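Peer 1: Chains as they are written, first to last, in our numbering: chain L, 4 to 340; chain A, 142 to 526. Using N, Cα and C, we set each Cβ at its ideal position, and we do this for glycine too. Predicted, not measured: the structure shown is a model, and the values here were computed from it. Have a look at the structure that comes next, please.
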């Protein structure tokens with residue numbers, strides 16, 4: 004057992020954190036509202052090679068990618084980090100001329116994403132990064148397809164100001180791979196796990212914002228943070244944030260090891276991180292009093308994102324049913340097992 | 142990053158597991174249930190025969206010099222099986238403290254017998270008026286010629302009825318500040334003037350009130366400096382090695398139980414509401430385990446987990462208390478049947494677990510104490526008041 008980051012991972016995280024502090028300030032996050040995409044940030048991330056990390060001979064494993072996603076979450080990065088990394092892993096896994104050509108386009112700057120849910124009547128709803136992605140990878144039966152089109156560059160108005168769009172997939176589609184449903188499921192799992200990591204970042208930063216505020220702000224002649232009801236809730240949240248981060252990293256390790264528990268751990272990490280993120284952001288907002296409700300303070304940005312990121316995947320409540328299927332056998336078939 | 146244990150630790154775990162399969166018998170469990178003592182001499186001596194009471198101690202002190210991760214693997218196995226190792230934990234904690242703070246003579250007298258499983262040592266810290274605030278102890282020790290005379294009363298002295306010694310916290314200087322007038326003694330339990338009164342508990346475990354009336358001990362029974370008891374206690378705290386609360390076995394047993402049809406209908410596991418709650422329990426079991434393993438890993442790499450150990454204690458205790466009520470609720474009316482009813486689910490183990498779990502957020506530093514440590518030391522929040 005070794006829970007330390009490797010020196011090269013520490014460096015990567017530090018470099019990324021420095022870049023995001025500059026290029027993804029909360030002012031910039033606000034400025035990107037509407038589309039949920041900041042072209043200058045994306046260009047900066049491309050310059051340091053973030054979208055390329057998941058492919059090639061020295062591809063980073065899930066263990067490194069969750070570190071990147073956590074940083075993206077901390078800074079509410081308005082950039083399709085999770086989508087491009089998950090798509091790159093899928094194309095790498097599929098291989099073959101079509102996937103390679105798509106990967107080459109991505110290397111030249113095209114944004115690729117996944118349609119997480121099966122399209123209905125040719126439309127994929129609320130595709131993550133769908134507002135800015137040129138390539139949408141989808142799964143039709145056992146076939147993985149790619150639909151290329153000029154991105155709408157307009158997002159569906161949404162709770163988290165995310166670059167979501169409904170995408171028409173009825174146009175000409177390339178077949179990326181056949182009989183590879185499992186690869187697409189793994190890509191969805193990667194997206195889910197990286198989103199869980201983003202949520203850990205959201206939760207961790209929300210906690211810091213709350214703690215900084217209650218240390219300074221005084222009411223009734225003393226700091227808000229000296230009230231036990233406040234301090235004890237924050238202590239519970241600090242514990243949960245650490246737990247969520249460990250769970251995300253364990254799930255990533257299981258993915259890299261090909262451990263059969265990987266899918267279950269990723270679902271666990273997603274459920275736990277999603278619930279904790281909205282709980283800690285909500286309490287941090289609450290501890291700001293009325294100011295937390297104003298758009299001027301940053302905590303509301305985190306609260307929105309904590310609620311919005313997981314919804315792109317679906318209801319967390321429903322996800323517990325899928326987790327139960329993974330852990331205890333599918334519903335209806337468990338009797339006698 | 143690597144979440145797997147090293148090969149030595151896994152090998153040791155397998156060895157411990159096999160040994161426990163052999164020695165943690167239904168008879169041992171029955172004895173523990175009947176007496177309420179969270180200790181069993183047969184099991185204790187069986188573990189001592191393998192040298193595992195001091196598995197993590199340095200070899201020069203009679204231990205096996207095992208790594209913190211090997212120790213963690215052993216403790217996970219013991220906890221997972223709910224082995225009655227309270228006596229072992231307390232005894233070895235005090236023995237380790239004596240090794241650091243006791244006299245040459247005391248070390249020679251106590252340590253080999255502790256390692257060999259011959260003696261038990263109980264903890265005489267808590268008093269009725271003080272609760273978790275152990276530094277407020279009022280039990281007096283007064284100089285009397287070459288020795289000391291002790292008068293007072295302690296509560297929740299678990300295993301006093303089995304112990305050979307009590308590690309007793311006394312006040313030697315009532316004038317000094319609360320933490321500065323305390324002294325520790327290692328007192329033989331057969332010293333005249335010691336009276337043990339049992340306290341029955343919700344969990345069925347026995348604990349005790351112990352009265353000390355004119356108890357005479359020589360100065361050689363003192364551990365550490367006069368009025369230096371708090372420092373000795375702090376030393377003891379650093380030896381309180383991290384354990385890992387691993388409830389995966391409890392969850393497995395619960396899942397097995399809810400696969401069976403209930404009296405009034407189909408198996409609960411087919412019900413989405415039950416499935417969600419089981420899945421939530423599984424997440425909490427995993428998180429508790431990871432937080433515990435993190436503390437062990439910090440120790441294994443030479444650090445001292447403080448906030449991290451509090452986080453594990455807090456999360457594990459709180460989730461296990463929740464677990465214990467959810468668990469019975471999932472069983473429905475069947476959850477009511479207690480030990481002794483032949484139709485009780487898992488022989489009444491779930492009902493017992495429900496009654497036992499309530500203590501977990503109280504003992505060993507209550508959840509409120511843990512939250513305060515996390516808030517102050519971890520988050521830098523100001524003290525209340």
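Do residue 117 of chain L and residue 2 of chain L have their beta-carbon atoms positioned less than 8 Å apart in this structure?
Peer 2: Since the first and last residues shown for chain L are 4 and 340, residue 2 of chain L lies out of range.
Peer 1: Given a cut-off of 8 Å on the beta-carbon distance, is the pair residue 199 of chain L and residue 272 of chain L in contact?
Peer 2: Yes, these two residues count as a Cβ contact at 8 Å.
Peer 1: Is it buried or exposed, residue 331 of chain L, if we count other Cβ atoms within 10 angstroms and call 16 or more buried?
Peer 2: Residue 331 of chain L comes out buried.
Peer 1: Kindly say whether residue 515 of chain A, judged by its beta-carbon, lies nearer than 8 Å to any beta-carbon of chain L.
Peer 2: Output row for residue 515 of chain A: interface = yes.
Peer 1: Express the C-alpha separation of residue 302 of chain A and residue 351 of chain A in angstroms, rounding to a whole number.
Peer 2: Roughly 10 Å separates the two Cα atoms.
Peer 1: In chain order, what residues of the same chain have a beta carbon less than 6 Å from the beta carbon of residue 436 of chain A, not counting five sequence neighbours either side?
Peer 2: Excluding residues within five positions, the ones whose Cβ falls inside 6 Å are 383, 446, 449, 450, 453.
Peer 1: Does DSSP classify residue 201 of chain A as helix, strand or coil?
Peer 2: If DSSP states are grouped into helix, strand and coil, residue 201 of chain A belongs with the helices.
Peer 1: Tell me whether the beta-carbon of residue 265 of chain A lies closer than 8 Å to the beta-carbon of residue 309 of chain A.
Peer 2: Their beta carbons are under 8 Å apart, which means residue 265 of chain A touches residue 309 of chain A by this criterion.
Peer 1: Looking only at its own chain, which residues have a Cβ that is under 6 Å from the Cβ of residue 187 of chain L, when we skip the five neighbours before and after it?
Peer 2: Once the five neighbours on either side are set aside, the close Cβ partners of residue 187 of chain L are 142, 147.
Peer 1: Output the residue ranges of the beta strand (DSSP E) runs that lie fully inside the stretch 294-365 of chain A and measure 3 residues or longer, sorted by chain position.
Peer 2: With a minimum length of 3 residues, the continuous beta strand (DSSP E) runs that stay inside the stretch 294-365 of chain A are 306-312, 323-329, 335-341, 347-359.
Peer 1: Quick one: list the residues of chain A neighbouring residue 253 of chain L, beta-carbon separation under 7 Å, in chain order.
Peer 2: The answer, in chain order, is 144, 431.
Peer 1: Identify, in the order they occur along the chain, each residue of the same chain with its Cβ nearer than 8 Å to the Cβ of residue 157 of chain L, setting aside the five sequence neighbours on each side.
Peer 2: So the qualifying residues of the chain are 38, 134, 168.
Peer 1: Distance cutoff 8 Å, beta carbons only. Does residue 245 of chain L sit that close to anything in chain A?
Peer 2: Yes, because at least one Cβ of chain A sits closer than 8 Å to the Cβ of residue 245 of chain L.
Peer 1: Can you give me the Cβ contacts of residue 339 of chain L inside the same chain, cut-off strictly under 7 Å, excluding the 5 residues immediately before and after it?
Peer 2: Unreliable placement is indicated for residue 339 of chain L, whose pLDDT of 39 sits below 50; the coordinate value is still reported in the next sentence. There are no such residues.
Peer 1: So, is residue 139 of chain L buried or exposed, given that buried needs 16 or more other C-beta atoms within 10 angstroms?
Peer 2: Answer is buried; the Cβ neighbour count reaches 16.
Peer 1: For the beta strand (DSSP E) holding residue 476 of chain A, just list the boundary residues, first then last.
Peer 2: That residue, residue 476 of chain A, is in no beta strand (DSSP E); it is neither H nor E in DSSP.
Peer 1: Along the beta strand (DSSP E) that carries residue 264 of chain A, what are the first and last residues, could you check?
Peer 2: It spans 262-265 - the beta strand (DSSP E) in which residue 264 of chain A sits, taken as one unbroken run.
Peer 1: How would you list, in chain order, the residues of chain L whose beta-carbon sits under 7 Å from the beta-carbon of residue 424 of chain A?
Peer 2: Residues of chain L passing the Cβ test: 271, 274, 275.
Peer 1: What does a CB cutoff of less than 7 Å around residue 89 of chain L pick up in its chain, not counting 5 residues either side in sequence?
Peer 2: Excluding sequence neighbours, residue 89 of chain L sits near 117, 190, 193, 194, 197.
Peer 1: Would residue 312 of chain L and residue 204 of chain L qualify as a contact pair, given that the criterion is a beta-carbon distance under 8 Å?
Peer 2: Contact: no.
Peer 1: Does the CB of residue 323 of chain L have a neighbour CB from chain A at under 8 Å?
Peer 2: Judged by the 8 Å Cβ criterion, residue 323 of chain L is in contact with chain A.
Peer 1: Can you name the residues of chain A whose CB is closer than 9 Å to the CB of residue 230 of chain L?
Peer 2: Chain A residues near residue 230 of chain L: 525.
Peer 1: What residues from chain A crowd round residue 261 of chain L, counting only those whose CB sits closer than 9 Å?
Peer 2: Under the 9 Å cutoff, chain A gives no residues; its nearest Cβ is about 13 Å from residue 261 of chain L.
Peer 1: Between residue 82 of chain L and residue 40 of chain L, how many whole angstroms is the CB-CB distance? I'm expecting something under 8 Å.
Peer 2: Yes, they are in contact, since the Cβ atoms of residue 82 of chain L and residue 40 of chain L sit about 7 Å apart, within 8 Å.
Peer 1: Anything in chain A within Cβ reach of residue 256 of chain L, meaning under 9 Å, just list it in chain order.
Peer 2: By Cβ distance, chain A contributes 142, 143, 144, 145.
Peer 1: Residue 221 of chain L by DSSP, collapsed to three states: which one?
Peer 2: The answer is strand: DSSP assigns residue 221 of chain L an E or B state.
Peer 1: Need the endpoints of the beta strand (DSSP E) that residue 283 of chain A sits in, please.
Peer 2: Run containing residue 283 of chain A: 281-285, per the beta strand (DSSP E) assignment.
Peer 1: Per the DSSP calculation, residue 290 of chain A is bridged to which residue(s)?
Peer 2: Paired residues: A/283, A/357.
Peer 1: Within 10 angstroms of the Cβ of residue 274 of chain A, are there 16 or more other Cβ atoms? Answer buried if so, exposed if not.
Peer 2: Classification of residue 274 of chain A: exposed, given that the 10 Å Cβ count is below 16.
Peer 1: What residue range is occupied by the uninterrupted alpha helix (DSSP H) comprising residue 439 of chain A?
Peer 2: That run of the alpha helix (DSSP H) goes 413-441.
Peer 1: Among the candidates L/174, L/165, L/129, whose CA atom is the shortest distance from the CA of residue 150 of chain L?
Peer 2: For the residues L/174, L/165, L/129, the minimum Cα distance to residue 150 of chain L belongs to L/174.
Peer 1: Out of A/321, A/292, A/226, A/317, which one is the CA nearest neighbour of residue 333 of chain A?
Peer 2: Answer by Cα proximity: A/292.
Peer 1: Closer than 7 Å by beta-carbon distance: list the chain L residues that pair up with residue 191 of chain A, in chain order.
Peer 2: Near residue 191 of chain A there are no residues of chain L at all, since even the closest Cβ is about 23 Å away, more than 7 Å.
Peer 1: Just mark residue 414 of chain A as buried or exposed, buried being the case when its beta carbon has 16 or more other beta carbons within 10 Å.
Peer 2: Exposed, because fewer than 16 other Cβ atoms sit within 10 Å of the Cβ of residue 414 of chain A.
Peer 1: Flag residue 41 of chain L as yes when its Cβ comes closer than 7 Å to any non-hydrogen atom of the ligand FMN, and as no otherwise.
Peer 2: With respect to small molecules bound, the structure shown includes none, and the ligand FMN cannot be examined in it.
Peer 1: Quick one: what does DSSP say residue 488 of chain A is sitting in, helix, strand or coil?
Peer 2: Residue 488 of chain A falls in the helix class under three-state DSSP.
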